[in-house]
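Sequences listed follow chains A and B, in order. Quick note, the first sequence lines up with residues 1 to 116 if you use our numbering. Quick note, the second sequence lines up with residues 117 to 229 if you use our numbering. Each residue gets a CB set at the ideal place from its N, CA and C atoms; glycine is no exception. Note that this is a predicted model, so its numbers are computed, not measured. Taking it in order: structure first as structure tokens, then the write-up.
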Amino acid sequence: AQTVTQSQPEMSVQEAETVTLSCTYDTSESDYYLFWYKQPPSRQMILVIRQEAYKQQNATENRFSVNFQKAAKSFSLKISDSQLGDAAMYFCAYKRGVQGAQKLVFGQGTRLTINP
Amino acid sequence: NAGVTQTPKFQVLKTGQSMTLQCAQDMNHNSMYWYRQDPGMGLRLIYYSASEGTTDKGEVPNGYNVSRLNKREFSLRLESAAPSQTSVYFCASIIGQGGYGYTFGSGTRLTVV
Chain A
1 AQTVTQSQPE MSVQEAETVT LSCTYDTSES DYYLFWYKQP PSRQMILVIR
51 QEAYKQQNAT ENRFSVNFQK AAKSFSLKIS DSQLGDAAMY FCAYKRGVQG
101 AQKLVFGQGT RLTINP
Chain B
117 NAGVTQTPKF QVLKTGQSMT LQCAQDMNHN SMYWYRQDPG MGLRLIYYSA
167 SEGTTDKGEV PNGYNVSRLN KREFSLRLES AAPSQTSVYF CASIIGQGGY
217 GYTFGSGTRL TVV
């Protein structure tokens, strides 16, 4: 079974600085998707960024980018120019690429604090 | 607005009581999911429904039952609530073939006393 590990329960960063959240996963599949979700205090789950495993280029969405290392099974999230609104729980998630029941497997989460 | 609607948002139950969490999506998605979120454990899959008329167990199904009433609705039932079921529950549906992950409901905070 696939597993996702986030080894940093909590992280903090000064406003306007850069922070990197770590995620590793275990799979024997070659076709899969990886996601980062943000959960602010409102509890809503918000998709931040996604990566398709067959694409070598790292995904980027404005201030958010990933470092996808397929061989190392690592998928870290970099937040540049941190803003107070980035404070949230962040979850890394994995999904197999095959069709059928498309279950997401989540990591334990990292709580990010932004210091003004 | 299109999306996943969960009810209720908050609930307090006494041990042994039963309740049903409701979930509906209006995006014509085939697959729907129920997760629970506990501190330090992320989101864990309880049950899922790959299509109308089918349901399957996830990682933590004990103490729960589900019904896929139709393509829109997927309910989660606690027959005899226990304090260990205190959690935040999320319903979700998959977007297309899953390459864009889930659309989530807003969650239900359940406390069992």
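Proximal residues of chain A, C-beta to C-beta of residue i below 7 Å
i              : result
residue 161(B) : 103
residue 223(B) : 43
Own chain partners of residue i with C-beta closer than 7 Å, once the 5 adjacent residues on each side are dropped
i              : result
residue 228(B) : 129, 131, 197, 198, 199, 201, 202
residue 195(B) : 134, 181
residue 63(A)  : 79, 80, 81
residue 210(B) : 145, 147, 218
Residue-chain proximity (residue i, chain A), Cβ-Cβ < 7 Å
i              : result
residue 67(B)  : Nothing in the structure corresponds to residue 67(B), since chain B is present only between 117 and 229.
residue 190(B) : no
residue 196(B) : no
residue 147(B) : yes
Counted within 10 angstroms of its Cβ, other Cβ atoms place residue i as buried (16 or more) or exposed
i              : result
residue 86(A)  : buried
residue 94(A)  : buried
residue 46(A)  : exposed
residue 38(A)  : buried
residue 143(B) : exposed
is_contact[residue i, chain B] using C-beta, thresh 7 Å
i             : result
residue 95(A) : yes
residue 47(A) : yes
Interface partners of residue i on chain A, CB under 9 Å
i              : result
residue 156(B) : 9, 108, 109
Under 8 Å by beta carbon: chain A residues contacting residue i
i              : result
residue 204(B) : 43
residue 126(B) : In chain order: nothing, as chain A lies at least about 11 Å away.
residue 94(B)  : Absent from the structure is residue 94(B), since the part of chain B shown begins at 117 and ends at 229.
Chain B residues whose Cβ lies nearer than 8 Å to that of residue i
i             : result
residue 91(A) : 158, 159
residue 33(A) : 214, 215, 217
residue 52(A) : 215
Chain-order list of residues whose beta-carbon lies under 8 Å from that of residue i (same chain, five-residue window excluded)
i              : result
residue 192(B) : 136, 137, 139, 150, 162, 163, 180, 181, 182, 205, 207
Chain-order list of residues whose beta-carbon lies under 6 Å from that of residue i (same chain, five-residue window excluded)
i              : result
residue 189(B) : 140
- Message: Please give the ranges of any beta strand (DSSP E) in the segment 6–86 of chain A, keeping only runs that are unbroken, at least 3 residues long and fully inside the region.
- Response: 10–14, 19–21, 24–26, 32–39, 46–52, 64–69, 74–79
- Query: What alpha helix (DSSP H) runs, 4 residues minimum, are completely inside the segment 146–172 of chain B?
  - Reply: none
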